[in-house]
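For reference, the structure is listed below as structure tokens.
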Amino acid sequence: MKLSELKKFFVSASSAFVVPVLAVLLGMIVGAVVMIASGYNPLAGYSSLLYGAFGDPYYIGETIRQTTPYILAGLAVAFAFRTGLFNIGVEGQLIVGWLAAVWVGVSFELPKAIHLPLAILAAALAGALWAFIPGILKAYLRVHEVIITIMMNYIALHMTNAIIRSVLSEEGFKSKQVHESASLRSEFLESITYHSSVHYGIIIAIIGAVIMWFLLEKTTKGFELRAVGFNQHASQYAGMNVKANIILSMAISGAFAGIAGAMEGLGTFGNISVKAGFTGVGFDGIAVALIGGNNAFGILLSALLFGALKVGALEMPSSAGVPTELVDIIIALIIFFVASSYVIRLLLSRLKKGAE
Amino acid sequence: MEYVIEMLNIRKVFGNFVANDNITLQVKKGEIHALLGENGAGKSTLMNVLFGLYQPDGGEIRVKGKKVNITDPNVANELGIGMVHQHFMLVDTFTVTENIILGSEPTKGGAIDMKRAEQEVRELSERYGLAVDPTAKIADISVGMQQRVEILKTLYRGADILIFDEPTAVLTPQEIHELIQIMKKLVKEGKSIILITHKLKEIMEVCDRVTVIRRGKGIATLNVAETNPNELASLMVGREVQFKTEKKPAQPGKPVLEIKDLVVKDARGVTAVNHLDLTVHAGEIVGIAGVDGNGQTELIEALTGLVKVESGSILLNGRDITNLPPRKIIEAGVGHIPQDRHKHGLVLDFPIGENMVLQTYYKPPYSKRGVLNFKAIYEKARQLIAEFDVRTPDEYTKARALSGGNQQKAIIGREVDRNPDLLIAAQPTRGLDVGAIEFIHRRLIEQRDKGKAVLLVSFELDEVMNVSDRIAVIYEGKIVAIVDPKETTEQELGLLMAGSKRKEAGVSS
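These protein sequences, in sequence, are chains W and X.
Sequential numbering of the first sequence, starting at 2, is according to the numbering used here.
Sequential numbering of the second sequence, starting at 2, is according to the numbering used here.
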């Protein structure tokens, strides 16, 4: 009787929360198996991961700093997804946003109250513009956004590198630091976290999540965007402008991605350097959005999970001897289980049958 | 061994819901047995039990006198039970033969013996008069032909008992006629057929016996020769049903919709609406009768602003609305019940309440300064749900979860509530049972009596003749005749729809 009640509880809560949590647990269990098979102690591994993520204020600061761009990248992916689009170009939009933020940050000297918002706005506009192009192509020529956004990533990476080399830097591979008036750095936050690199960006990221939630769930425009995402035909019948909504949705998604880049450019690094390859944050954003159920608040949690895994992983080689590659495997396993949440739902429905 | 199939006291329960409450169905060898019931009466559940998709909670099944336990569809196949599904399960890019043999391919030396397969399919097709080309691609053949491929699939697997799940819902009148011939041929060859339907006319025309179920209970099994449509309808619905919707004579007023010399091309660039003229007045229902594919779809899309008009004009209350964007046309006073309610009528993943404001969400009181007022939206939804008898657990339930009839009532509620001067209803009762049809017809007539113009497009002649005040026959994109429903016959309409001209086309109004 008790067991069946427990099962029923799991089944009723399964919709939103249980599936991602179970996926994370399953990923960690299989990860433990991999660690044992490779001759490492999973308990030591996971405890050093946990310590490396939350063990003392410095680690907490680093985790938050890493979480910040993940939140915004996740929001970018989720916003597009909720309106029926698959934005694989968050990475490229993030890079152009980073560039724009740093460019504004080094080029002007203005009061902070103007300079910082201006730099963030420039990043948002750059990201929006970068996503606007695939949006237009999708709306008017029906070119699939996945192809274009992937290609736009490469254009963003190499174009940005060229601009850094030729315009933004004297040494050739790195821009100057942004002026203090455009920086997100905070001596206060650094001092309470033993000089971690955490910055005010986390506040902007959380505001971003609230904006996304409000925009999609509460506003008239959000209603329209979601309707177009679910059913273009019915939306058109109902008098909505489908093309304009596709373009707008891509642009808003790109703006979130651009701001994610500003977090790196104005906060974490304070500059932009020539990149040998992609940052990966934009691609991880896809997984963050997926695990967060494409929901603004779910994304806050899943971004924190990703931030903690990334930062905590740095501790694993030194204190538990587990190589960082294994950490990547564990992250991949978690994503695998989330993506195959169908299997988890199937298991839950079997449990449900058993409970009845 | 009188019965080939006996389902005795079948009971199937989902949670607290009794879908089948001790239903008994007995099918004789060589008969066409109808299973009649409203949407949601439990027909599909009962057939899924027979086909092995559900396990019954009580009762027993006998096939050819022997008690059987049908644990999955493979067992059903082995017992000679085949199902022709309403939604076809075909691979579009495969040929007819490839689809038919899929899963039980004849092989020769490890490779599929396509020659033999094609020969077998051809023989089967000829034997039952199906006239299917075994080498044609599914994507290239008509819906009616695709259905025959489904029939062949079951025959190829040796089925003796064929279940047809609402087979005529997707067919044109001609195709229905041909299907009925095929069914008669099948029983002549010794097959038995269970026909799931809620169309009384078909039962009267083709079936030997009929079992009526209502709300999960078996109500009666009758010989078709000894019953009539009225009796069947009242058994199915549980009350008297009016077939002829009562209506007063129309009192047409000023012209509301004036279509002049309209030309519209279809998606392939072929002229679909060809210099069409038509006027609909306030206070009348004009029905457009025609075989599917004679420009009806393009006409509606042009009227609602979804496709570009090549030439000609559309006037609403004297104002030119030709080629305006859909929202402007909606705001000008056009309501539209679309032909495909899933694709065009609803956002299925939205709550039914939010679907109620799909065209008006941006206006006060539903939106204030760009922010939605959910209180006002759901208040409106509750009002419409009550007024139009939309059966849903609550207004937050996703539209997807509602039955077809209730989805349609929701759309009609939404459109009528906006109080449009012109209401376009395209196939408004497709796939619905008599109770819902009666309701919808009454609502259309009510709009007319309020002085609105109603344009009804339907492939069901009964519907056009029953509801319309004037019938415009469309053929190859033109109105070829305008007739009075009281003075015409189905035969005459059929001839006009097939293109044999009797009256001159025109705006004779």
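By construction, the Cβ of each residue, glycine as well, lies at the ideal position given by its N, Cα and C atoms.
Are A74 (chain W) and D285 (chain W) closer than 8 Å when you measure CB to CB?
Judged by their CB atoms, A74 (chain W) and D285 (chain W) are nearer to each other than the 8 Å cut-off.
Assess, as a yes-or-no matter, whether the stretch 248 to 256 of chain W is touched by the stretch 125 to 133 of chain W under the definition of 3 or more beta carbon pairs within less than 8 Å.
Enough Cβ pairs lie closer than 8 Å, so yes.
Quick check: is the beta carbon of N296 (chain W) nearer than 8 Å to any beta carbon in chain X?
Taking Cβ atoms only, chain X never reaches closer than 8 Å to N296 (chain W), which makes this a no.
Pull up the CB-CB distance for P339 (chain X) and K399 (chain X), whole angstroms please, since I reckon it's below 8 Å.
At roughly 19 Å, the Cβ-Cβ gap does not stay under 8 Å, so P339 (chain X) and K399 (chain X) are not in contact.
Interface partners of N232 (chain W) on chain X, CB under 8 Å:
K344, L347, V348, L349, D350, listed in chain order.
Specify, as a first and last residue, the run of the beta strand (DSSP E) that N224 (chain X) falls within.
Under the DSSP assignment, N224 (chain X) falls in the beta strand (DSSP E) whose first and last residues are 218 to 224.
Leaving out five residues on either side along the sequence, give the residues of the same chain with a beta carbon under 6 Å from the beta carbon of L185 (chain W).
Excluding the 5 residues flanking it on each side, L185 (chain W) has same chain C-beta neighbours closer than 6 Å at H200, Y201, G202, L267, G268, in chain order.
Which of helix, strand or coil DSSP assigns to E493 (chain X)
Here DSSP, grouped into helix, strand and coil, assigns E493 (chain X) to helix.
Pull up the distance between the alpha-carbon of S15 (chain W) and that of T72 (chain X), whole angstroms please.
Because S15 (chain W) sits at a pLDDT of 48, beneath the cut-off of 50, its placement in the model cannot be relied upon, and the point is left open.
Contact check, I96 (chain W) vs L158 (chain W), beta carbons under 8 Å:
Yes. Within cutoff.
Apart from the five residues on each side of it in sequence, which residues of its chain come closer than 7 Å, Cβ to Cβ, to V31 (chain W)?
Counting only Cβ-Cβ distances below 7 Å, and skipping sequence neighbours, we find L334.
Ordered along the chain, which non-local residues of its own chain (more than five positions away) have a Cβ less than 8 Å from that of V139 (chain X)?
Here residue 139 (chain X) is Ile; the residue named in the question, Val, does not match the sequence. Scanning its chain for C-beta atoms nearer than 8 Å, with the 5 sequence neighbours on each side dropped, one finds around I139 (chain X) the residues L91, V92, D93, T94, F95, T96, V97, N100, Q147, V150, in chain order.
Does any residue of chain W have a CB that is nearer than 8 Å to the CB of L403 (chain X)?
No, because no Cβ of chain W sits closer than 8 Å to the Cβ of L403 (chain X).
With T305 (chain X) and H337 (chain X) assumed to form a contact (beta carbons below 8 Å), what rounded beta-carbon distance in angstroms separates them?
That pair is a contact at about 5 Å.
Confirm, please, whether the CB-CB distance from D341 (chain X) to R401 (chain X) is below 8 Å.
No, the pair does not count as a contact, with Cβ atoms beyond the cut-off.
When the Cα atoms are used, what is the spatial distance from A228 (chain W) to M115 (chain X)?
Those two C-alpha atoms are separated by around 47 Å.
Please go through the same chain and pick out, in chain order, the residues whose beta-carbon is closer than 8 Å to the beta-carbon of G293 (chain W), but skip the five residues on each side of it.
The residues P21, G75, A79, G299, I300, L301, L302, S303, A304, in chain order, have a CB closer than 8 Å to that of G293 (chain W) in the same chain once the five nearest residues on each side in sequence are set aside.
Give the list of continuous alpha helix (DSSP H) stretches no shorter than 4 residues that lie fully inside the stretch 102 to 162 of chain W.
Fully enclosed alpha helix (DSSP H) runs of 4 or longer: 113 to 142.
Residue interval of the beta strand (DSSP E) (run including H178 (chain X))
First-last for H178 (chain X): 174 to 189, but that is the alpha helix (DSSP H), not the beta strand (DSSP E).
Pick from X:A20, X:G478, X:T489: whose alpha carbon is nearest that of D267 (chain X)?
Closest in alpha carbon position to D267 (chain X), among X:A20, X:G478, X:T489, is X:G478.
Looking at chain W, is there any beta carbon in it that lies within less than 8 Å of the beta carbon of Q360 (chain X)?
Contact with chain W is found for Q360 (chain X), since one of that chain's Cβ atoms lies less than 8 Å from the residue's Cβ.
Looking only at its own chain, which residues have a Cβ that is under 6 Å from the Cβ of F89 (chain X), when we skip the five neighbours before and after it?
The beta carbon of F89 (chain X) is closer than 6 Å to those of Q147, E151 in its chain, skipping five residues each way along the sequence.
Specify, as a first and last residue, the run of the beta strand (DSSP E) that N10 (chain X) falls within.
Counting along the chain, the beta strand (DSSP E) containing N10 (chain X) begins and ends at 4 to 15.
Kindly indicate which three-state DSSP category V97 (chain W) falls into: helix, strand or coil?
Helix at V97 (chain W).
On the DSSP letters alone, give me the boundaries of the beta strand (DSSP E) that H282 (chain X) sits inside.
Judged by DSSP secondary structure, H282 (chain X) falls within the beta strand (DSSP E) whose first and last residues are 272 to 282.
E307 (chain W) at chain X interface by Cβ criterion, 8 Å:
As written in the sequence, residue 307 (chain W) is Phe, which differs from the Glu given in the question. Taking Cβ atoms only, chain X never reaches closer than 8 Å to F307 (chain W), which makes this a no.
Output, in chain order, the set of chain X residues within a Cβ distance shorter than 9 Å of T150 (chain W).
Residues of chain X passing the Cβ test: none, with the nearest at roughly 24 Å.
Cross-chain neighbours of Y363 (chain X) in chain W, by beta carbon under 7 Å
Near Y363 (chain X) (Cβ distances below 7 Å), the residues of chain W are T221.
By the three-class DSSP mapping on this structure, what secondary structure does S510 (chain X) have?
Below a pLDDT of 50, predicted positions are generally treated as unreliable, and S510 (chain X), at 38, falls in that range; the measurement from the model is reported next regardless. It is coil, neither helix nor strand.
Who are the neighbours of L307 (chain X) on chain W, taking C-beta pairs under 8 Å?
Here the neighbours are Q237, Y238.
A24 (chain W) classed as buried or exposed, judged by whether at least 16 other C-beta atoms fall within 10 angstroms:
A24 (chain W) should be labelled buried.
Would G53 (chain X) pass as an interface residue toward chain W - the criterion being a Cβ-Cβ separation below 8 Å?
So, not an interface residue.
Where the stretch 202 to 226 of chain W meets chain X: residues whose CB sits under 7 Å from a CB there
The stretch 202 to 226 of chain W vs chain X, Cβ under 7 Å: K219, T220, T221, K222, F224.
Leaving out the 5 sequence neighbours to the left and right, which residues in its chain are closer than 6 Å to Q94 (chain W) when beta-carbon positions are compared?
Listed in chain order, the non-local C-beta contacts of Q94 (chain W) below 6 Å within the same chain comprise G128, W131, A132, G255, A258, G259, local neighbours out to five positions each way being set aside.
Nearest to A137 (chain X) by alpha carbon, out of X:E491, X:E119, X:K154, X:E124?
With distances taken between Cα atoms, A137 (chain X) lies closest to X:E119.
For Q178 (chain W), report the span of its alpha helix (DSSP H) as first-last.
No alpha helix (DSSP H) holds Q178 (chain W); DSSP gives it neither H nor E.
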